[in-house]
Amino acid sequence: MSHRDQAGFTLVELLVVISVVAVLFVSFATFFTDYIILYTKYQQDATNFTELASQSQRISDVLRGLTDIVSANSNDLTVYAYFSPNDTYVSLTRYYVSGNQVNVDITPMTANPPIGTPITANKKTYTIISNLYQPAGGSLFNYYDASGTQLSAPVSDEHSILQIQVNLAEPGSQTKNGQNLSVTVSLRNRKTNL
Numbered sequence: 196m197s198h199r200d201q202a203g204f205t206l207v208e209l210l211v212v213i214s215v216v217a218v219l220f221v222s223f224a225t226f227f228t229d230y231i232i233l234y235t236k237y238q239q240d241a242t243n244f245t246e247l248a249s250q251s252q253r254i255s256d257v258l259r260g261l262t263d264i265v266s267a268n269s270n271d272l273t274v275y276a277y278f279s280p281n282d283t284y285v286s287l288t289r290y291y292v293s294g295n296q297v298n299v300d301i302t303p304m305t306a307n308p309p310i311g312t313p314i315t316a317n318k319k320t321y322t323i324i325s326n327l328y329q330p331a332g333g334s335l336f337n338y339y340d341a342s343g344t345q346l347s348a349p350v351s352d353e354h355s356i357l358q359i360q361v362n363l364a365e366p367g368s369q370t371k372n373g374q375n376l377s378v379t380v381s382l383r384n385r386k387t388n389l
């Protein structure tokens, strides 16, 4: 029996098989890697949107219980409101845009207005949104009167405001215009006799 009669693979056949397996492996690895990257981006967008929803609910709860509006601008709103459910008195609460963040300053009061005064030494600042996306011409707050007409900011007659729309947004990895969430708060229970 000669060596030529033995069954086996030639070097060319082995190289062809290895090349085909390598092409299949690279294709699968590329697909799998792209899928994982896309999944991670969608997961991050979902997490960011959940945070937007949570923060918009928190802002809505505070604004819903406000007792008076001090000043109302497009990206700055100062009110007297109970920031925490455990508060004895309202706090001077200011939501505002600073760079690409939405912050809130909370200054406790010695008593409810008009008697109380702010305790400025106890003022605390919290970051609500750390990566704000605001389209050109967009605003953090929109204000509406009793007929549903949008008021131009800054609003000079704060008592004409019956609804506040809060517009929060963060950049989205899969959306060109970011992730937007708007919540409108009715101020029906606002005290106007302060």
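In the working numbering, the protein residues as written are 196 to 389. Cβ atoms here follow ideal geometry from the backbone N, Cα and C, with glycine treated the same way.
Just so you know, the alpha carbons of D271 and T379 end up roughly 16 Å apart. Boundaries of the alpha helix (DSSP H) harbouring V221: L206 to R259, taken from the DSSP string. Listed in chain order, the non-local C-beta contacts of G311 below 7 Å within the same chain comprise Y284, M304 and T305, local neighbours out to five positions each way being set aside. Boundaries of the beta strand (DSSP E) harbouring A267: D263 to A267, taken from the DSSP string. Straight across, the Cα-Cα distance linking P309 with S355 is about 20 Å.
Check the Cα spacing between Y277 and each of G294, A248, D300 and I213: the tightest is with D300. Per DSSP, reduced to three states, the secondary structure at N317 is helical.
Judged by beta-carbon spacing, N362 lies within the 8 Å limit of L335, meaning their Cβ atoms are closer than that value.
S377 carries a strand assignment under DSSP once its states are collapsed to helix, strand and coil.
Under the three-state reduction of DSSP output, S325 falls in the coil class, being neither helix nor strand. An exposed status is given to Q345, since fewer than 16 other beta-carbon atoms sit within 10 Å of its beta-carbon. By the beta-carbon neighbour count (other beta carbons within 10 angstroms, threshold 16), D263 is buried. Ranked by Cα distance from N243, the first of S347, Y321 and S325 is S325. DSSP links E365 through a beta bridge to Q374. In terms of Cα proximity to E246, the closest of A331, D340 and T322 is T322. Burial state of E353 is buried, judged by a 10 Å Cβ sphere holding 16 or more other Cβ atoms. By the neighbour-count criterion, in which a residue is buried when 16 or more other Cβ atoms sit within 10 angstroms of its Cβ, S293 is exposed. Sequence-distant partners of G332 (beyond 5 residues in either direction) whose C-beta falls short of 7 Å from its own C-beta are missing from its chain.
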